[in-house]
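Peer 1: My structure is below; once you've seen it, I'll send some questions.
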(Lines of atoms letter the chains of each structure in order from A and count residues from 1; the text may use other names and numbers.)
(Lines give C-alpha, C1' and ligand atoms only; values in the text may rest on other atoms or scores of the structure.)
Protein backbone atom coordinates (compact mmCIF):
# COMPACT_ATOMS: atom_id res chain seq x y z
CA UNK A 1 0.00 0.00 0.00
CA UNK A 2 2.82 2.43 0.78
CA UNK A 3 4.31 1.74 -2.66
CA UNK A 4 1.07 2.79 -4.36
CA UNK A 5 0.85 5.87 -2.18
CA UNK A 6 4.44 6.73 -3.07
CA UNK A 7 3.67 6.32 -6.77
CA UNK A 8 0.75 8.76 -6.48
CA UNK A 9 3.03 11.33 -4.82
CA UNK A 10 5.58 11.00 -7.61
CA UNK A 11 2.89 11.49 -10.25
CA UNK A 12 1.43 14.55 -8.52
CA UNK A 13 4.82 16.22 -8.25
CA UNK A 14 5.80 15.29 -11.79
CA UNK A 15 3.04 17.36 -13.36
CA UNK A 16 4.45 20.85 -12.59
CA UNK A 17 7.82 19.94 -14.10
CA UNK A 18 6.16 18.93 -17.37
CA UNK A 19 4.20 22.17 -17.43
CA UNK A 20 7.34 24.17 -16.63
CA UNK A 21 9.13 22.54 -19.54
CA UNK A 22 6.33 23.52 -21.90
CA UNK A 23 6.43 27.08 -20.57
CA UNK A 24 10.20 27.41 -21.09
CA UNK A 25 9.80 26.23 -24.68
CA UNK A 26 7.05 28.82 -25.22
CA UNK A 27 9.30 31.58 -23.83
CA UNK A 28 12.21 30.52 -26.04
CA UNK A 29 9.94 30.50 -29.10
CA UNK A 30 8.62 33.95 -28.15
CA UNK A 31 12.13 35.34 -27.79
CA UNK A 32 13.02 34.08 -31.27
CA UNK A 33 9.85 35.72 -32.63
CA UNK A 34 10.71 39.11 -31.14
CA UNK A 35 14.37 38.88 -32.22
CA UNK A 36 13.48 38.08 -35.84
CA UNK A 37 10.70 40.61 -36.40
CA UNK A 38 12.77 42.61 -38.91
CA UNK A 39 13.66 39.68 -41.17
CA UNK A 40 11.81 38.53 -44.28
CA UNK A 41 9.07 40.10 -46.35
CA UNK A 42 6.38 41.90 -44.35
CA UNK A 43 3.69 40.99 -46.86
CA UNK A 44 4.70 37.31 -46.85
CA UNK A 45 4.79 37.33 -43.05
CA UNK A 46 1.24 38.73 -42.83
CA UNK A 47 -0.10 36.27 -45.42
CA UNK A 48 1.55 33.32 -43.65
CA UNK A 49 0.24 34.32 -40.20
CA UNK A 50 -3.29 34.91 -41.51
CA UNK A 51 -3.25 31.47 -43.15
CA UNK A 52 -2.10 29.90 -39.88
CA UNK A 53 -4.97 31.61 -38.03
CA UNK A 54 -7.50 30.33 -40.55
CA UNK A 55 -6.16 26.76 -40.52
CA UNK A 56 -5.93 26.62 -36.72
CA UNK A 57 -9.51 27.90 -36.39
CA UNK A 58 -10.82 25.33 -38.89
CA UNK A 59 -9.31 22.37 -37.03
CA UNK A 60 -10.11 23.80 -33.58
CA UNK A 61 -6.48 24.17 -32.48
CA UNK A 62 -6.88 27.10 -30.09
CA UNK A 63 -3.26 27.16 -28.95
CA UNK A 64 -1.98 27.50 -32.52
CA UNK A 65 -4.61 30.14 -33.27
CA UNK A 66 -3.45 32.16 -30.26
CA UNK A 67 0.20 31.92 -31.32
CA UNK A 68 -0.61 32.89 -34.92
CA UNK A 69 -2.59 35.96 -33.78
CA UNK A 70 0.21 36.93 -31.44
CA UNK A 71 2.79 36.53 -34.22
CA UNK A 72 0.69 38.59 -36.62
CA UNK A 73 0.33 41.25 -33.93
CA UNK A 74 4.11 41.52 -33.68
CA UNK A 75 4.40 42.02 -37.45
CA UNK A 76 1.92 44.91 -37.29
CA UNK A 77 3.70 46.27 -34.22
CA UNK A 78 7.33 46.08 -35.35
CA UNK A 79 7.16 46.33 -39.14
CA UNK A 80 3.89 48.02 -40.15
CA UNK A 81 3.76 50.22 -37.02
CA UNK A 82 -0.02 49.88 -36.95
CA UNK A 83 -0.33 49.82 -33.17
CA UNK A 84 -4.12 49.72 -33.11
CA UNK A 85 -4.21 46.64 -35.33
CA UNK A 86 -1.43 45.02 -33.27
CA UNK A 87 -3.30 45.62 -30.02
CA UNK A 88 -6.56 44.30 -31.50
CA UNK A 89 -4.81 41.05 -32.42
CA UNK A 90 -3.23 40.77 -28.97
CA UNK A 91 -6.62 41.36 -27.31
CA UNK A 92 -8.20 38.65 -29.48
CA UNK A 93 -5.40 36.28 -28.50
CA UNK A 94 -5.81 37.29 -24.85
CA UNK A 95 -9.55 36.58 -24.88
CA UNK A 96 -9.05 33.16 -26.49
CA UNK A 97 -6.21 32.22 -24.13
CA UNK A 98 -8.18 33.39 -21.13
CA UNK A 99 -11.31 31.42 -22.05
CA UNK A 100 -9.29 28.22 -22.41
CA UNK A 101 -6.90 28.77 -19.50
CA UNK A 102 -3.76 28.90 -21.66
CA UNK A 103 -1.76 30.69 -18.98
CA UNK A 104 1.65 30.26 -20.63
CA UNK A 105 0.30 32.19 -23.62
CA UNK A 106 -1.40 34.77 -21.37
CA UNK A 107 1.95 35.75 -19.91
CA UNK A 108 3.51 36.34 -23.33
CA UNK A 109 0.47 38.22 -24.65
CA UNK A 110 0.58 40.61 -21.68
CA UNK A 111 4.28 41.21 -22.44
CA UNK A 112 3.34 41.89 -26.08
CA UNK A 113 0.59 44.37 -25.15
CA UNK A 114 2.97 46.09 -22.75
CA UNK A 115 5.36 46.67 -25.63
CA UNK A 116 2.61 48.36 -27.69
CA UNK A 117 1.95 50.87 -24.90
CA UNK A 118 5.69 51.35 -24.33
CA UNK A 119 6.22 52.24 -28.00
CA UNK A 120 3.56 54.98 -27.87
CA UNK A 121 4.99 56.37 -24.64
CA UNK A 122 2.36 55.14 -22.17
CA UNK A 123 4.88 53.76 -19.68
CA UNK A 124 2.38 53.57 -16.82
CA UNK A 125 0.10 51.21 -18.74
CA UNK A 126 3.08 49.23 -20.01
CA UNK A 127 4.28 48.76 -16.45
CA UNK A 128 0.82 47.62 -15.29
CA UNK A 129 0.61 44.99 -18.02
CA UNK A 130 4.07 43.67 -17.18
CA UNK A 131 3.09 43.45 -13.52
CA UNK A 132 0.04 41.42 -14.62
CA UNK A 133 2.29 39.08 -16.57
CA UNK A 134 4.54 38.69 -13.54
CA UNK A 135 1.55 37.91 -11.32
CA UNK A 136 0.22 35.22 -13.70
CA UNK A 137 3.66 33.69 -14.02
CA UNK A 138 3.94 33.21 -10.25
CA UNK A 139 1.55 30.28 -10.64
CA UNK A 140 3.39 28.87 -13.64
CA UNK A 141 6.88 29.46 -12.27
CA UNK A 142 8.52 29.71 -15.67
CA UNK A 143 11.91 31.05 -14.59
CA UNK A 144 12.81 32.37 -18.04
CA UNK A 145 9.45 34.14 -18.32
CA UNK A 146 10.20 35.89 -15.03
CA UNK A 147 13.60 36.99 -16.39
CA UNK A 148 12.01 38.20 -19.64
CA UNK A 149 9.34 40.21 -17.80
CA UNK A 150 11.72 41.70 -15.22
CA UNK A 151 14.18 42.89 -17.88
CA UNK A 152 11.33 44.59 -19.74
CA UNK A 153 9.87 46.04 -16.55
CA UNK A 154 13.28 47.38 -15.56
CA UNK A 155 13.62 49.19 -18.88
CA UNK A 156 10.17 50.77 -18.51
CA UNK A 157 11.00 51.87 -14.97
CA UNK A 158 14.33 53.31 -16.13
CA UNK A 159 12.69 55.32 -18.94
CA UNK A 160 10.11 56.57 -16.41
CA UNK A 161 12.90 57.79 -14.12
CA UNK A 162 12.34 55.11 -11.47
CA UNK A 163 16.00 54.09 -11.47
CA UNK A 164 16.02 52.34 -8.10
CA UNK A 165 13.03 50.19 -9.05
CA UNK A 166 14.73 49.42 -12.38
CA UNK A 167 17.89 48.36 -10.55
CA UNK A 168 15.87 46.00 -8.34
CA UNK A 169 14.22 44.47 -11.42
CA UNK A 170 17.58 43.76 -13.06
CA UNK A 171 19.12 42.49 -9.81
CA UNK A 172 16.20 40.09 -9.43
CA UNK A 173 17.04 38.61 -12.83
CA UNK A 174 20.60 38.00 -11.64
CA UNK A 175 19.31 36.12 -8.60
CA UNK A 176 18.05 33.53 -11.09
CA UNK A 177 21.32 33.44 -13.04
CA UNK A 178 22.07 29.78 -12.25
CA UNK A 179 18.70 28.67 -13.67
CA UNK A 180 17.83 31.02 -16.54
CA UNK A 181 18.91 31.19 -20.16
CA UNK A 182 22.15 33.18 -20.03
CA UNK A 183 20.88 35.60 -22.67
CA UNK A 184 18.66 37.14 -19.98
CA UNK A 185 21.61 37.30 -17.59
CA UNK A 186 23.71 39.18 -20.15
CA UNK A 187 20.83 41.57 -20.84
CA UNK A 188 20.34 42.31 -17.13
CA UNK A 189 24.08 42.94 -16.67
CA UNK A 190 24.13 45.31 -19.65
CA UNK A 191 21.05 47.11 -18.35
CA UNK A 192 22.66 47.56 -14.94
CA UNK A 193 25.74 48.94 -16.68
CA UNK A 194 23.59 51.49 -18.49
CA UNK A 195 21.90 52.49 -15.22
CA UNK A 196 25.18 53.00 -13.38
CA UNK A 197 26.57 55.03 -16.27
CA UNK A 198 23.48 57.28 -16.15
CA UNK A 199 24.22 57.85 -12.47
CA UNK A 200 27.87 58.69 -13.18
CA UNK A 201 29.16 55.54 -11.45
CA UNK A 202 31.49 54.62 -14.29
CA UNK A 203 33.60 51.98 -12.56
CA UNK A 204 30.53 50.01 -11.45
CA UNK A 205 29.09 50.40 -14.94
CA UNK A 206 32.33 49.10 -16.40
CA UNK A 207 32.25 46.04 -14.15
CA UNK A 208 28.72 45.18 -15.26
CA UNK A 209 29.55 45.61 -18.96
CA UNK A 210 32.68 43.48 -18.62
CA UNK A 211 30.64 40.74 -17.02
CA UNK A 212 28.02 41.02 -19.79
CA UNK A 213 30.85 40.75 -22.33
CA UNK A 214 32.08 37.51 -20.75
CA UNK A 215 28.60 36.00 -20.87
CA UNK A 216 28.03 37.10 -24.48
CA UNK A 217 31.32 35.54 -25.50
CA UNK A 218 30.32 32.31 -23.76
CA UNK A 219 27.08 32.41 -25.76
CA UNK A 220 29.03 33.20 -28.95
CA UNK A 221 26.62 36.03 -29.63
CA UNK A 222 28.78 38.33 -31.74
CA UNK A 223 26.13 41.02 -32.11
CA UNK A 224 25.77 41.31 -28.32
CA UNK A 225 29.54 40.99 -27.86
CA UNK A 226 30.12 43.98 -30.14
CA UNK A 227 27.52 46.00 -28.24
CA UNK A 228 29.26 45.22 -24.94
CA UNK A 229 32.64 46.23 -26.37
CA UNK A 230 31.10 49.45 -27.67
CA UNK A 231 29.61 50.23 -24.24
CA UNK A 232 32.98 49.56 -22.60
CA UNK A 233 34.72 51.80 -25.13
CA UNK A 234 32.26 54.63 -24.41
CA UNK A 235 32.80 54.24 -20.66
CA UNK A 236 36.59 54.36 -20.99
CA UNK A 237 36.15 57.54 -23.01
CA UNK A 238 34.07 59.06 -20.22
CA UNK A 239 36.82 58.02 -17.80
CA UNK A 240 39.43 59.77 -20.03
CA UNK A 241 41.24 56.52 -20.82
CA UNK A 242 41.59 57.05 -24.58
CA UNK A 243 43.92 54.11 -25.17
CA UNK A 244 41.50 51.52 -23.79
CA UNK A 245 38.56 53.31 -25.34
CA UNK A 246 40.17 53.04 -28.76
CA UNK A 247 41.09 49.37 -28.29
CA UNK A 248 37.52 48.39 -27.45
CA UNK A 249 35.99 50.42 -30.28
CA UNK A 250 38.40 48.87 -32.80
CA UNK A 251 37.49 45.31 -31.75
CA UNK A 252 33.77 46.20 -31.77
CA UNK A 253 34.19 47.62 -35.28
CA UNK A 254 35.95 44.48 -36.52
CA UNK A 255 33.13 42.26 -35.24
CA UNK A 256 30.42 44.50 -36.67
CA UNK A 257 32.11 44.52 -40.06
CA UNK A 258 32.39 40.74 -39.94
CA UNK A 259 28.68 40.19 -39.22
CA UNK A 260 27.48 42.91 -41.60
CA UNK A 261 25.96 45.21 -38.98
CA UNK A 262 26.06 48.46 -40.97
CA UNK A 263 24.38 50.60 -38.32
CA UNK A 264 26.79 49.19 -35.73
CA UNK A 265 29.75 49.90 -38.03
CA UNK A 266 28.57 53.50 -38.37
CA UNK A 267 28.35 53.82 -34.57
CA UNK A 268 31.82 52.35 -33.99
CA UNK A 269 33.39 54.53 -36.70
CA UNK A 270 31.72 57.62 -35.27
CA UNK A 271 33.03 56.74 -31.80
CA UNK A 272 36.55 56.40 -33.21
CA UNK A 273 36.19 59.66 -35.16
CA UNK A 274 35.16 61.44 -31.95
CA UNK A 275 38.13 59.94 -30.11
CA UNK A 276 40.58 61.07 -32.83
CA UNK A 277 39.10 64.56 -32.76
CA UNK A 278 39.59 64.64 -29.01
CA UNK A 279 43.25 63.59 -29.42
CA UNK A 280 43.93 66.09 -32.26
CA UNK A 281 44.21 63.56 -35.11
CA UNK A 282 41.97 65.12 -37.78
CA UNK A 283 43.08 62.89 -40.67
CA UNK A 284 42.18 59.72 -38.74
CA UNK A 285 38.90 61.37 -37.76
CA UNK A 286 38.18 62.07 -41.44
CA UNK A 287 38.93 58.45 -42.38
CA UNK A 288 36.54 57.01 -39.83
CA UNK A 289 33.97 59.78 -40.21
CA UNK A 290 33.78 59.10 -43.96
CA UNK A 291 33.29 55.36 -43.39
CA UNK A 292 30.64 56.12 -40.75
CA UNK A 293 28.86 58.41 -43.22
CA UNK A 294 28.76 55.67 -45.86
CA UNK A 295 27.45 52.97 -43.50
CA UNK A 296 24.94 55.28 -41.82
CA UNK A 297 23.53 56.21 -45.21
CA UNK A 298 23.18 52.58 -46.30
CA UNK A 299 21.46 51.60 -43.04
CA UNK A 300 19.34 54.79 -42.92
CA UNK A 301 20.59 55.50 -39.41
CA UNK A 302 19.90 59.22 -39.25
CA UNK A 303 21.32 59.80 -35.76
CA UNK A 304 24.62 58.27 -36.86
CA UNK A 305 24.44 60.25 -40.13
CA UNK A 306 24.16 63.46 -38.10
CA UNK A 307 27.15 62.48 -35.95
CA UNK A 308 29.20 61.70 -39.08
CA UNK A 309 28.57 65.12 -40.65
CA UNK A 310 29.36 66.87 -37.35
CA UNK A 311 32.62 64.94 -36.90
CA UNK A 312 33.69 65.55 -40.49
CA UNK A 313 32.93 69.27 -40.24
CA UNK A 314 35.12 69.57 -37.15
CA UNK A 315 37.86 67.35 -38.61
CA UNK A 316 38.10 69.31 -41.87
CA UNK A 317 38.16 72.57 -39.93
CA UNK A 318 40.95 71.19 -37.74
CA UNK A 319 42.83 70.09 -40.89
CA UNK A 320 42.45 73.56 -42.43
CA UNK A 321 39.98 72.64 -45.19
CA UNK A 322 37.35 75.25 -44.37
CA UNK A 323 35.32 74.75 -47.54
CA UNK A 324 34.64 71.06 -46.76
CA UNK A 325 34.11 71.94 -43.10
CA UNK A 326 31.35 74.36 -44.14
CA UNK A 327 29.79 71.86 -46.56
CA UNK A 328 29.54 69.17 -43.89
CA UNK A 329 28.26 71.67 -41.33
CA UNK A 330 25.43 72.65 -43.67
CA UNK A 331 24.57 68.99 -44.27
CA UNK A 332 24.56 68.31 -40.55
CA UNK A 333 22.14 71.19 -40.01
CA UNK A 334 19.85 69.84 -42.76
CA UNK A 335 19.88 66.35 -41.19
CA UNK A 336 19.25 67.84 -37.73
CA UNK A 337 16.23 69.74 -39.07
CA UNK A 338 14.91 66.53 -40.64
CA UNK A 339 15.40 64.58 -37.40
CA UNK A 340 13.63 67.25 -35.36
CA UNK A 341 10.74 67.35 -37.84
CA UNK A 342 10.43 63.55 -37.71
CA UNK A 343 10.56 63.66 -33.93
CA UNK A 344 7.69 66.15 -33.80
CA UNK A 345 5.67 64.03 -36.25
CA UNK A 346 6.41 60.93 -34.17
CA UNK A 347 5.36 62.65 -30.95
CA UNK A 348 2.10 63.74 -32.55
CA UNK A 349 1.48 60.22 -33.88
CA UNK A 350 2.29 58.73 -30.46
CA UNK A 351 -0.21 61.08 -28.81
CA UNK A 352 -2.89 60.05 -31.33
CA UNK A 353 -2.05 56.38 -30.81
CA UNK A 354 -2.18 56.76 -27.02
CA UNK A 355 -5.70 58.16 -27.35
CA UNK A 356 -6.83 55.36 -29.69
CA UNK A 357 -5.27 52.66 -27.54
CA UNK A 358 -6.72 54.12 -24.35
CA UNK A 359 -10.20 53.40 -25.73
CA UNK A 360 -9.30 49.69 -25.72
CA UNK A 361 -8.18 49.63 -22.09
CA UNK A 362 -11.71 48.83 -20.90
CA UNK A 363 -11.71 45.61 -22.90
CA UNK A 364 -8.31 44.65 -21.48
CA UNK A 365 -9.55 45.46 -17.98
CA UNK A 366 -12.71 43.41 -18.52
CA UNK A 367 -10.70 40.37 -19.61
CA UNK A 368 -8.35 40.86 -16.68
CA UNK A 369 -11.27 40.96 -14.24
CA UNK A 370 -12.73 37.76 -15.72
CA UNK A 371 -9.35 36.08 -15.43
CA UNK A 372 -9.03 37.03 -11.77
CA UNK A 373 -12.54 35.77 -11.00
CA UNK A 374 -11.75 32.47 -12.71
CA UNK A 375 -8.50 32.19 -10.75
CA UNK A 376 -10.41 32.66 -7.49
CA UNK A 377 -12.88 29.96 -8.50
CA UNK A 378 -10.08 27.58 -9.42
CA UNK A 379 -8.32 28.30 -6.13
CA UNK A 380 -11.52 27.55 -4.20
CA UNK A 381 -12.05 24.34 -6.14
CA UNK A 382 -8.44 23.34 -5.56
CA UNK A 383 -8.77 24.02 -1.82
CA UNK A 384 -11.98 21.97 -1.64
CA UNK A 385 -10.37 19.13 -3.60
CA UNK A 386 -7.34 19.12 -1.29
CA UNK A 387 -9.64 18.87 1.72
CA UNK A 388 -11.40 15.90 0.11
CA UNK A 389 -8.05 14.22 -0.57
CA UNK A 390 -7.00 14.84 3.02
CA UNK A 391 -10.25 13.38 4.42
CA UNK A 392 -10.01 10.39 2.08
CA UNK A 393 -6.41 9.85 3.13
CA UNK A 394 -7.32 9.94 6.82
CA UNK A 395 -10.16 7.46 6.24
CA UNK A 396 -7.77 5.20 4.30
CA UNK A 397 -5.13 5.33 7.05
CA UNK A 398 -7.74 4.75 9.79
CA UNK A 399 -9.16 1.76 7.91
CA UNK A 400 -5.65 0.36 7.52
CA UNK A 401 -4.95 0.68 11.23
CA UNK A 402 -8.26 -0.99 12.14
CA UNK A 403 -7.61 -3.88 9.73
CA UNK A 404 -4.21 -4.49 11.33
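Residue numbers (the numbering used here): -3 to 400.
All residues carry an ideal CB built from backbone N, CA and C; glycine is no exception.
Everything numeric in this text was worked out from a predicted model, so none of it was measured.
Would DSSP call residue 365 helix, strand or coil?
Peer 2: The answer is helix: DSSP assigns residue 365 an H, G or I state.
Peer 1: Does residue 116 come out as helix, strand or coil in the three-state DSSP assignment?
Peer 2: Of the three classes helix, strand and coil, the one that applies to residue 116 here is coil, per DSSP.
Peer 1: From residue 173 to residue 30, what does the alpha carbon distance come to, in whole angstroms?
Peer 2: If I take the Cα positions, the gap works out to 22 angstroms.
Peer 1: Applying the criterion that 16 or more other CB atoms from any shown protein chain within 10 Å of the CB defines a buried residue, is residue 201 buried or exposed?
Peer 2: So residue 201 counts as buried.
Peer 1: May I have the straight-line CA-CA distance separating residue 170 from residue 197, to the nearest angstrom?
Peer 2: Distance between the alpha carbons of residue 170 and residue 197 is about 20 angstroms.
Peer 1: Please give me, in chain order, every unbroken run of the alpha helix (DSSP H) with length at least 4 that falls completely inside the stretch 258 to 344.
Peer 2: Whole alpha helix (DSSP H) segments, 4+ residues: 258 to 274, 278 to 295, 298 to 315.
Peer 1: Take the Cβ of residue 45 as the centre, count every other Cβ of all protein chains shown within 10 Å, and call the residue buried at 16 or more, exposed below.
Peer 2: So residue 45 counts as buried.
Peer 1: Considering only the alpha carbon of each residue, which of 160, 76, 39, 142 lies closest to residue 22?
Peer 2: If we check each option's Cα against that of residue 22, 142 comes out closest.
Peer 1: Using a Cβ-Cβ cutoff of less than 8 angstroms, which residues in the same chain neighbour residue 331 once the five nearest sequence positions on both sides are dropped?
Peer 2: Excluding positions up to five away in sequence, the list reads 298, 301, 302, 305.
Peer 1: Jot down the residue ranges of each uninterrupted alpha helix (DSSP H) in the stretch 179 to 261, minimum 4 residues, whole runs only, in chain order.
Peer 2: For the stretch 179 to 261, whole alpha helix (DSSP H) runs of length 4 or above, ordered along the chain, are 198 to 215, 218 to 234, 238 to 255.
Peer 1: Could you compute how far the alpha carbon of residue 363 sits from the alpha carbon of residue 94?
Peer 2: Each residue's Cα considered, the two are about 8 angstroms apart.
Peer 1: I need the straight-line Cα distance from residue 164 to residue 311, nearest angstrom please.
Peer 2: Spanning the two alpha carbons is a distance of roughly 43 angstroms.
Peer 1: Which first and last residues belong to the alpha helix (DSSP H) in which residue 53 is found?
Peer 2: Segment 38 to 55, the alpha helix (DSSP H) holding residue 53.
Peer 1: Return the residue from the list 359, 319, 349, 365 that minimises the CA-CA distance to residue 118.
Peer 2: Checked all of 359, 319, 349, 365; the closest Cα to residue 118 is 349.
Peer 1: Just the C-alpha distance for residue 288 and residue 216, rounded to the nearest angstrom, thanks.
Peer 2: Approximately 26 angstroms, taken between the alpha carbons.
Peer 1: Who are the near neighbours of residue 279 in its chain, counting only those whose CB is closer than 7 angstroms to its CB and skipping five residues on each side?
Peer 2: Answer for residue 279: 315, listed in chain order.
Peer 1: Could you tell me the distance, in whole angstroms, from the CA atom of residue 218 to the CA atom of residue 187?
Peer 2: Between residue 218 and residue 187, the C-alpha separation is close to 18 angstroms.
Peer 1: Taking the straight line between their C-alpha atoms, what separation do you get for residue 352 and residue 49?
Peer 2: So the two alpha carbons sit approximately 25 angstroms from each other.
Peer 1: Taking 9 angstroms as the cut-off, decide whether the C-beta atoms of residue 131 and residue 152 are in contact.
Peer 2: Their beta carbons are not under 9 angstroms apart, which means residue 131 does not touch residue 152 by this criterion.
Peer 1: With DSSP run on the structure shown, which of helix, strand or coil describes residue 146?
Peer 2: The answer is helix: DSSP assigns residue 146 an H, G or I state.
Peer 1: Please classify residue 179 as buried or exposed, where buried requires at least 16 neighbouring CB atoms within 10 angstroms.
Peer 2: It is buried - the Cβ of residue 179 has at least 16 other Cβ atoms within 10 Å.
Peer 1: Can you tell me whether residue 100 is buried or exposed? The criterion is at least 16 other CB atoms within 10 Å of its CB, across all chains shown.
Peer 2: Buried, since its Cβ has 16 or more Cβ neighbours within 10 Å.
Peer 1: Let me check understanding here. Comparing Cα to Cα, which of 386, 78, 192, 68 lies closest to residue 88?
Peer 2: Checking every option, the nearest Cα to that of residue 88 belongs to 68.
Peer 1: Determine the direct distance from the alpha carbon of residue 386 to that of residue 345, and round the result to whole angstroms.
Peer 2: Spanning the two alpha carbons is a distance of roughly 59 angstroms.
Peer 1: Report, in whole angstroms, the separation of the C-beta atoms of residue 61 and residue 92, which I expect to be a contact under 8 angstroms.
Peer 2: So it is a contact: roughly 6 angstroms between Cβ atoms.
Peer 1: Classify residue 65 as buried or exposed, calling it buried when 16 or more other Cβ atoms lie within 10 Å of its own Cβ.
Peer 2: Label assigned to residue 65: buried.
Peer 1: Mark residue 40 as exposed unless 16 or more other C-beta atoms lie within 10 angstroms of its C-beta, in which case mark it buried.
Peer 2: Residue 40 should be labelled exposed.
Peer 1: Mark residue 181 as exposed unless 16 or more other C-beta atoms lie within 10 angstroms of its C-beta, in which case mark it buried.
Peer 2: With 16 or more other Cβ atoms within 10 Å, it is buried.
Peer 1: Check this for me: beta carbons of residue 90 and residue 106, under 9 angstroms apart or not?
Peer 2: Yes; because the gap between Cβ atoms is below 9 angstroms, this pair is in contact.
Peer 1: To the nearest angstrom, report how far apart residue 212 and residue 76 are at their CA atoms.
Peer 2: So the alpha carbons of these two residues sit roughly 31 angstroms apart.
Peer 1: How close, in whole Å, do the beta carbons of residue 245 and residue 271 come, if the pair is a contact with beta carbons under 8 angstroms?
Peer 2: Right, the Cβ-Cβ distance comes to about 7 angstroms (below 8 angstroms), so this counts as a contact.
Peer 1: Are there 16 or more other CB atoms within 10 angstroms of the CB of residue 318, so buried, or fewer, so exposed?
Peer 2: Answer is exposed; the Cβ neighbour count stays below 16.
Peer 1: Below 7 angstroms CB to CB, which residues in the same chain sit around residue 42 once its five sequence neighbours on both sides are set aside?
Peer 2: So the qualifying residues of the chain are 68, 71.
Peer 1: Please state whether DSSP places residue 98 in a helix, a strand or coil.
Peer 2: Coil.
Peer 1: Taking 9 angstroms as the threshold (C-beta atoms), are residue 104 and residue 26 in contact?
Peer 2: Yes, these two residues count as a Cβ contact at 9 angstroms.
Peer 1: For residue 236, count neighbouring Cβ atoms within 10 angstroms of its own Cβ and tell me buried if that reaches 16, exposed if not.
Peer 2: Burial call: exposed.
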